[in-house]
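Using full-length UniProt numbering, the first residue of the sequence shown is number 1, and each one after it goes up by one. To start, the structure under review is shown below, and the notes come after it.
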Amino acid sequence: MELLLIYLAVVFGCGLVAWAVRLPPLIGFLVAGFALNAGGIEHVEALDLFADIGVTLMLFAIGLRLDLRALTDKAVWLTATAHVLVMTLLGMGFITALGALGAFGPTSFSIAVNVALVLSFSSTIVVVKILQDRGDEQALYGNICIGVLIMQDIIAVVFMSILRGEPPSLAAVLLVLIVPLLALTTRRWYKLGHGELGALFGIVMALLPGYALFEWVGLSGSLGALIMGVVLSRSPGAEQLSHSLFTLKELLLVGFFVNIGFLGLPTWHNIVDAGLLLLLLPIQGLAYWAILWMLGLRNRTSVLASLLLANYSEFALIIAAVGVQDGWLNQRWLLSLVLAVSLSFVISAILNPQNVSRATHLAKRLPARPPHKIHPEDRPIELGDAHALVLGVGRLGLSCYKELVDVYGANVLGVEHDPARVRHLQESGYNVVEGDATDIDFWERVKDSHQIDMIMLAMPAQHANVDAVKEIYASRINTEECTISSVAMYREDVEDLQELGLSVVVHLQDGAGESLAERTFTENQLRHLRNEGEL
1 MELLLIYLAV
11 VFGCGLVAWA
21 VRLPPLIGFL
31 VAGFALNAGG
41 IEHVEALDLF
51 ADIGVTLMLF
61 AIGLRLDLRA
71 LTDKAVWLTA
81 TAHVLVMTLL
91 GMGFITALGA
101 LGAFGPTSFS
111 IAVNVALVLS
121 FSSTIVVVKI
131 LQDRGDEQAL
141 YGNICIGVLI
151 MQDIIAVVFM
161 SILRGEPPSL
171 AAVLLVLIVP
181 LLALTTRRWY
191 KLGHGELGAL
201 FGIVMALLPG
211 YALFEWVGLS
221 GSLGALIMGV
231 VLSRSPGAEQ
241 LSHSLFTLKE
251 LLLVGFFVNI
261 GFLGLPTWHN
271 IVDAGLLLLL
281 LPIQGLAYWA
291 ILWMLGLRNR
301 TSVLASLLLA
311 NYSEFALIIA
321 AVGVQDGWLN
331 QRWLLSLVLA
341 VSLSFVISAI
351 LNPQNVSRAT
361 HLAKRLPARP
371 PHKIHPEDRP
381 IELGDAHALV
391 LGVGRLGLSC
401 YKELVDVYGA
411 NVLGVEHDPA
421 RVRHLQESGY
431 NVVEGDATDI
441 DFWERVKDSH
451 QIDMIMLAMP
461 AQHANVDAVK
471 EIYASRINTE
481 ECTISSVAMY
491 REDVEDLQEL
501 GLSVVVHLQD
511 GAGESLAERT
521 FTENQLRHLR
531 NEGEL
């Protein structure tokens, strides 16, 4: 118990300090791991288990919300393969040249190739965690990032098999039968409900037929967890299951970041080596941006994706550990990679805050391109005859949409950044378009914005609603003639939104969609009367 209390105090304290200076808590958790190791505190073996389970549940949660069609987009598969090839070649030359000058210790050509390859991958854990903190997993740039990471994971599985000289067993062929069978037998799992039994079912699926089964046949257990998430993703309860596992997954992932500090304490040689390896990060980010830009993505989408993917993968640590164990890599390389990967996490956390306004304004300074040369999902948006916008068409936004149409007869357009949900809603007859309301370019892409009379913000993330309000004020919309309202997740958020000038803010509760629609419509009518001098 005493050892546990020490861990809790140090980890929470470091995370709190990071939060207090407006840095992501994961930076504090990384520091806590190194501090515990440097202080001679005993390593808790259960930490490895917690870290593995946390990563497995994270990938399972990705699968629950993954649209497989996104992997067929050129912006995903071409970006992933082109980036790996480009960065492997550049990294190989860079490491070979510095090795010849005496850096990194003994460096053969094969070591340079292997290390360059694994450094071309991005961190699944860091990228997905930042996306989930922003609520942007289903945004266009979020879908691209997750798709690229999945493609990299597949490449990593093949690479690991070649490196170990152990191809998957013949039993792996049975997965072709087992996975569809699991999909068939679990199609009504959602009837277990949203309580502890439903959440436990999700954990069992992630760890048993997911992680354990795939490891047994010689494949990546992480890939198995992802596939099990996809198996359940078509069911009605998939989104709720993802929410149910969120807190548990986040707590277990703390173990992953703390555990890195116990891989070894770096020397001055390792610090210099890591600093040199970090010189590849800007090149990695520029390579992502250039590939995405050439594929037709807008500046903002390309910048957000490239900033998010500009880090090193935890997979590099796995490869390094295998290399030391097999004798082709020395301990200096292992500790240098531990430090380089850890520092890349820190840099990524700083470059990718929850608020995306800085990246948006950076993208604004880059040269624009004609609409016909832009990716179809990034082109200008037609409002039609809509006079009311509902930003965020989840359960709450859809309730608000229906109330405005059915009760008040308003011409409404819904704006949602999840492509799969947009397709579903459009097929169901709703007037919905794909877009990101926190994007400064979104409001410039909106045609005939002068006709908008009401704007309702129904996005679940408070920071997204706040960002959207700021972009509305900065857009061409005449806010004096437009009623803007928002929902607030927590009571303390109500005051923040009111300080931005919103006259209607509704705290999230049962019936919040109808309440937001009713109060917005009433406020809009009163505003018309005031403008006409009748009040």
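Cβ atoms here follow ideal geometry from the backbone N, Cα and C, with glycine treated the same way. Here the structure is a predicted model, which is why all the values come from computation and not from measurement.
Does residue i come out as helix, strand or coil in the three-state DSSP assignment?
i: Val487; result: strand
i: Ile318; result: helix
i: Met459; result: coil
i: Val21; result: coil
i: Asp496; result: helix
i: Ser120; result: coil
i: Pro367; result: coil
i: Leu398; result: helix
i: Glu427; result: helix
i: residue 539; result: A question about residue 539 goes unanswered here, because the residues of the chain that appear run from 1 up to 535.
i: Glu382; result: coil
i: Met1; result: coil
i: Ile291; result: helix
i: Ile260; result: helix
i: Asn37; result: helix
i: Thr107; result: coil
i: Ile6; result: helix
i: residue 590; result: What is shown of the chain runs 1 to 535, which leaves residue 590 out entirely.
i: Ala310; result: coil
i: Arg298; result: coil
i: Trp333; result: helix
i: Ile347; result: helix
i: Thr360; result: helix
i: Val272; result: helix
i: Pro282; result: helix
i: Trp443; result: helix
i: Gln240; result: helix
i: Gly327; result: coil
i: Thr267; result: coil
i: Gly511; result: Model confidence at Gly511 stands at a pLDDT of 49, short of 50, so the residue's coordinates are unreliable and nothing is read from them.
i: Val393; result: coil
i: Ser475; result: coil
Would you list the residues sitting across from residue i in a DSSP beta bridge?
i: Glu434; result: Glu416
i: Met454; result: Ala388 and Thr483
i: Val504; result: Ser485
How should residue i be labelled, buried or exposed, when 16 other C-beta atoms within 10 angstroms of its C-beta is the threshold for buried?
i: Trp443; result: buried
i: His424; result: exposed
i: residue 569; result: The question about residue 569 has no answer here: the residues shown for the chain are numbered 1 through 535.
i: Pro236; result: exposed
i: Phe109; result: exposed
i: Val176; result: exposed
i: Lys129; result: buried
i: Lys249; result: buried
i: Gln138; result: buried
i: Gly511; result: In this prediction, Gly511 scores a pLDDT of 49, lower than 50, which makes its location untrustworthy; no coordinate-derived value is stated.
i: Leu170; result: exposed
i: Ile144; result: buried
i: Tyr473; result: exposed
i: Gln525; result: exposed
i: Tyr7; result: buried
i: Ser428; result: exposed
i: Asn478; result: exposed
For residue i versus residue j, is the C-beta spacing smaller than 7 Å?
i: Ser336; j: Asn270; result: yes
i: Thr438; j: Thr483; result: no
i: Leu245; j: Ala61; result: yes
i: Cys400; j: Ala488; result: no
i: Ala206; j: Ala183; result: no
i: Ala316; j: Leu334; result: no
i: Asp136; j: Gly142; result: yes
i: Val415; j: Ala388; result: no
i: Ala51; j: Gly255; result: yes
i: Asp300; j: Thr360; result: For the record, residue 300 in the displayed sequence is Arg; it is not Asp. Going by C-beta atoms, Arg300 is nearer than 7 Å to Thr360.
i: Leu208; j: Phe201; result: no
i: Ser485; j: Val504; result: yes
i: Gly15; j: Pro25; result: yes
i: Leu280; j: Gly91; result: yes
i: Ala112; j: Thr124; result: no
Give the list of continuous alpha helix (DSSP H) stretches no shorter than 4 residues that lie fully inside the stretch 125-192. At a cut-off of 4 residues, the continuous stretches assigned as alpha helix (DSSP H) that sit fully inside the stretch 125-192 are 140-164 and 175-185.
Pick out the complete alpha helix (DSSP H) segments inside the stretch 41-105, 4 residues or longer, and give them in chain order. Runs of the alpha helix (DSSP H) inside the stretch 41-105: 46-64 and 74-100.
Q: Give, in chain order, every unbroken run of the alpha helix (DSSP H) that is at least 4 residues long and sits entirely within the stretch 195-224.
A: Correct list: 196-205 and 213-216.
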